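Numbering of the sequence shown is given in the working numbering, commencing with residue -2 and proceeding in unit increments. Let me begin by presenting the structure, written as structure tokens, before commenting on it.
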Amino acid sequence: MHRRHLTLAGLAWMSGASAAGRATPASLITALPPVAPGMAPSAGPAQVPASLRLLSEEFPPVNFSEGGHPRGLAVDIVQAIQQRLGQSLPIEFMPWARAFREAQDNQPTALFATARIPEREALFQWVGPIVQFQSTFYARADSRLRLRSLEEARRLQKVLVVRDWYTLVQLQSAGFHNLQQISDPVQGVRMLQAGRAPVFAAERITMPQTLAQAGLSPKAVKALFSFASSDGYIAFSRSTPASTVAAWQAQLAELKRDGSFAALHKRWFPTDTASR
């Protein structure tokens, strides 16, 4: 779905845009948290172009905005990497389908968190992994439906899935022709609750927050079974300089080496194991 999902944004306005007196749109999030222990910025020259766009979606707790500030595991990781590179580029949040499309435009762009699956491999340059997604079929809590295989799911009248999520690609590759594409996961759980479809193919790691956003009880849905897992990455456009991608991967490796990555992961997922 991962998430997803992908993966779970905006244009990095040219440096000094705010200083020049131009108002920053509300969707552009620039705040960075204080540098945590082990996250001191690198002393070398910045290796991220000022024109790099950072795109993301509302996909809590992996990446989301709250009170005008970016939050989530992927956001913390992206900001920590930026701090080590001496950068402070803004993040713009937008619907996933739009972000995924714009991340393939002909300019330096990073989209996070994006599930790295074979169907997407050639579309991007990859930095990660930073999180693990798990594709899962959900039904209403009072449903008597039981699913034990993809073959059974293919015979259903309808399966809800978010447009351009990795879950959609996985199911299309598995021969599903009963998919109804929707705009976001909140719409999915609401349609499921209203009886508009028997199942929703979604992302397990974010389902509790999705239900909360929809104003539904944590027990409003039940997981039928998980059918695939994928690692989430920061996906860079093919037009991003290779040196930029290498610099981000090197800083991510350093975050993992010194324990900072594990600390960030534990903050958001205290019972889960961090990606290696």
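Glycine residues also receive a C-beta, built at the ideal position from the N, C-alpha and C atoms. Just so it is clear, the structure is predicted and the values come from calculations on it, not from any experiment.
Start and end residues, alpha helix (DSSP H) containing residue i
{"i": "Trp245", "result": "Ala239 to Arg254"}
{"i": "Arg137", "result": "Where Arg137 is concerned, there is no enclosing alpha helix (DSSP H), although the beta strand (DSSP E) it sits in stretches over Phe121 to Arg137."}
{"i": "Ala71", "result": "Leu70 to Arg81"}
For residue i, the nearest candidate out of the options (CA to CA)
{"i": "Gln190", "options": "Val159, Ser140, Thr270 and Phe109", "result": "Ser140"}
{"i": "Ala107", "options": "Gly83, Glu116, Ile78 and Thr133", "result": "Ile78"}
{"i": "Pro92", "options": "Val166, Glu54 and Arg145", "result": "Glu54"}
{"i": "Arg143", "options": "Ala100, Ile74, Leu176 and Ser223", "result": "Ser223"}
{"i": "Leu51", "options": "Arg137, Leu70, Pro105 and Phe134", "result": "Pro105"}
{"i": "Val59", "options": "Ala244, His174 and Ile202", "result": "Ile202"}
Residue burial classification, residue i (beta-carbon count within 10 angstroms, cutoff 16)
{"i": "Ala171", "result": "exposed"}
{"i": "Gly185", "result": "buried"}
{"i": "Arg264", "result": "exposed"}
{"i": "Ser15", "result": "Only weak support is given to the placement of Ser15: the predicted model assigns it a pLDDT of 31, under 50, and the value that follows is read from those uncertain coordinates. Exposed: under 16 other Cβ atoms inside 10 Å."}
{"i": "Asp269", "result": "exposed"}
{"i": "Pro115", "result": "exposed"}
{"i": "Asp73", "result": "buried"}
{"i": "Gln84", "result": "buried"}
Residue i, enclosing beta strand (DSSP E) - first and last residue
{"i": "Pro182", "result": "Counting along the chain, Pro182 falls outside any beta strand (DSSP E), though it belongs to the alpha helix (DSSP H) covering Pro182 to Gln190."}
{"i": "Thr164", "result": "Counting along the chain, Thr164 falls outside any beta strand (DSSP E), though it belongs to the alpha helix (DSSP H) covering Tyr163 to Ser170."}
{"i": "Ser257", "result": "No beta strand (DSSP E) contains Ser257, which is instead part of the alpha helix (DSSP H) from Ser257 to Trp265."}
CB contact flag (residue i, residue j, <7 Å)
{"i": "Val128", "j": "Gly256", "result": "no"}
{"i": "Val183", "j": "Gln210", "result": "yes"}
{"i": "Thr164", "j": "Ser132", "result": "yes"}
{"i": "Asp161", "j": "Ala94", "result": "yes"}
Any 3 or more C-beta pairs closer than 8 Å across the stretch 240 to 257 and the stretch 155 to 169: They do not touch, by the three-pair rule.
Cβ contact (3+ pairs, closer than 8 Å) linking the stretch 209 to 222 and the stretch 80 to 90: Two segments are said to touch when three or more pairs of C-beta atoms, one from each, lie closer than 8 Å; by this definition the stretch 209 to 222 does not touch the stretch 80 to 90.
Given 8 Å, three or more beta-carbon pairs between the stretch 195 to 206 and the stretch 161 to 179: Three or more beta-carbon pairs separated by less than 8 Å link the stretch 195 to 206 to the stretch 161 to 179, which places the two stretches in contact.
Cβ pair count under 8 Å reaching 3, the stretch 230 to 240 against the stretch 117 to 127: Under the 8 Å Cβ criterion, the stretch 230 to 240 counts as touching the stretch 117 to 127, having at least three qualifying pairs.
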